[in-house]
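Report on the structure given below.
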Amino acid sequence: MHRLFVALRPPPAIRAALIDAMDAVPGARWQDDEQLHVTVRFLGEVERPVAEDAALALSQVVAPALAARIDGVGTFAQRGRTDTLWARVLPVEPLTALHRKVDQTLGRAGIAPDTRRYLPHVTLARLPRTGHDTAALDRWLAANAALATADFPLDHLYLYESHLTSDGARYEPVMRWPLAGS
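Using the numbering used here, read the sequence shown as starting at 137 and increasing by one per residue.
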């Protein structure tokens, strides 16, 4: 089985700015440079033939390169517990349009559609399942609320394989395709 997702990769200067914001939350598992990406579509666990069909379908995606920017931070929670810190990526509509196009393309390859609401972001940290320092988290959110970058290009679509380890996930780029105009 292959655990796959489709993503965009911010340029090195943007990744460095995100890494600079990663501190002061005890127990947080901060992402490293290789893990920083904007997920377009998570495929999940698929057999090799499905992975090959997905890669072939993705090679046919025609979409414009995007100009994006980081604009603030936020959290995701499950069952009332904050488990993820992230940086917001704007503008939402062109990224959502790309998400829909990729989702439709994968659907034609036999992959079930994504039913979750799409929110463009870059995951910065995972928080422990057990209790975490809420005050430190609140301080980090306040300190980074104004995190922002100039516009940057997102000009390649990537297919990644995610390898889960005891130290967290390791992401391996499997394929890369240029977006139109790049």
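We treat Cβ as the ideally placed atom computed from N, Cα and C, and that holds for glycine.
Compare the C-alpha of Leu172 against each of Thr251, Ala248, Leu234, Trp222 and name the closest.
Indexing the sequence shown from 1 puts residue 172 at position 36. Among Thr251, Ala248, Leu234, Trp222, the Cα nearest to that of Leu172 is on Trp222.
By Cβ distance below 6 angstroms, which residues in the same chain neighbour His299 in space, the five residues on each side in sequence not counted?
In the sequence shown, residue 299 corresponds to position 163, counting from 1. Excluding positions up to five away in sequence, the list reads Arg306.
How do the stretch 252-270 and the stretch 157-176 stand: do at least 3 beta-carbon pairs fall below 8 angstroms, yes or no?
yes
Beta-carbon spacing of Leu290, Ala199 below 8 angstroms
Against the sequence shown, residue 290 aligns to sequence position 154. Against the sequence shown, residue 199 aligns to sequence position 63. Taking 8 angstroms as the Cβ cut-off, Leu290 and Ala199 do not qualify as a contacting pair.
To which residues of the same chain is Pro314 closer than 7 angstroms at the C-beta, ignoring the five residues directly before and after it?
Here the question's residue 314 lines up with position 178 in the sequence shown. Hits under 7 angstroms: Asp291, His292.
Opening and closing residue of the alpha helix (DSSP H) in which Ile155 lies
Translated into the one-based positions of the sequence shown, residue 155 becomes position 19. Run containing Ile155: 148-156, per the alpha helix (DSSP H) assignment.
By the three-class DSSP mapping on this structure, what secondary structure does Arg205 have?
By 1-based counting over the sequence shown, the position of residue 205 is 69. Here Arg205 sits in strand by DSSP.
Identified DSSP bridge partners for Ala261:
Walking along the sequence shown from the start, residue 261 turns up at place 125. DSSP output for Ala261 lists Trp166, Leu221 as bridge partner(s).
Top-ranked residue by Cα proximity to Leu194, from Asp239, Pro147, Asp169:
Start at 1 with the first residue of the sequence shown, and residue 194 comes out as number 58. The shortest C-alpha separation from Leu194 is found at Asp239.
Which first and last residues belong to the alpha helix (DSSP H) in which Ala191 is found?
The count along the sequence shown starts at 1 and reaches residue 191 at position 55. 184-194 is the span of the alpha helix (DSSP H), which, as asked, contains Ala191.
Whose C-beta lies closer than 7 angstroms to the C-beta of Asp169 among residues of the same chain, with five residues either side of it excluded?
Along the sequence shown, read from residue 1 onward, the residue named residue 169 stands at position 33. Same-chain partners within the cutoff: Arg151, Ile155.
Buried or exposed: where does Thr301 fall if 16 or more other Cβ atoms within 10 Å of its Cβ makes it buried?
As a first step, residue 301 must be located in the sequence shown, where it is residue number 165. Thr301 counts as exposed, since fewer than 16 other beta carbons sit within 10 angstroms of its beta carbon.
In this structure, does DSSP put Ala79 in helix, strand or coil?
Past the boundaries of the shown model lies residue 79; the chain is included only from 137 to 318, so the question cannot be answered.
Taking a contact to mean a Cβ-Cβ separation below 8 angstroms, would you say Pro146 touches Val176 in this structure?
By 1-based counting over the sequence shown, the position of residue 146 is 10. By 1-based counting over the sequence shown, the position of residue 176 is 40. Result no, Cβ atoms of Pro146 and Val176 do not sit closer than 8 angstroms.
For Glu308, the residue or residues it bridges with in DSSP:
Translated into positions along the sequence shown, residue 308 becomes position 172. Answer is Glu297, bridged to Glu308.
In three-state DSSP terms, what is His292?
On the sequence shown, position 156 is the one that residue 292 refers to. Of the three classes helix, strand and coil, the one that applies to His292 here is strand, per DSSP.
With DSSP run on the structure shown, which of helix, strand or coil describes Pro230?
Looking up residue 230 in the sequence shown gives position 94. Of the three classes helix, strand and coil, the one that applies to Pro230 here is helix, per DSSP.
Take Gly304 and list the residues in its own chain whose beta-carbon comes closer than 6 angstroms to its own, dropping the five residues that flank it on each side.
Here residue 304 refers to the residue found at position 168 of the sequence shown. Cβ within range, chain order: Arg165.
Distance check for Tyr296 and Phe141, CA to CA, integer angstroms please.
For the purposes of this step, residue 141 is taken as the residue at position 5 of the sequence shown. For the purposes of this step, residue 296 is taken as the residue at position 160 of the sequence shown. Approximately 5 angstroms between the Cα atoms of the pair.
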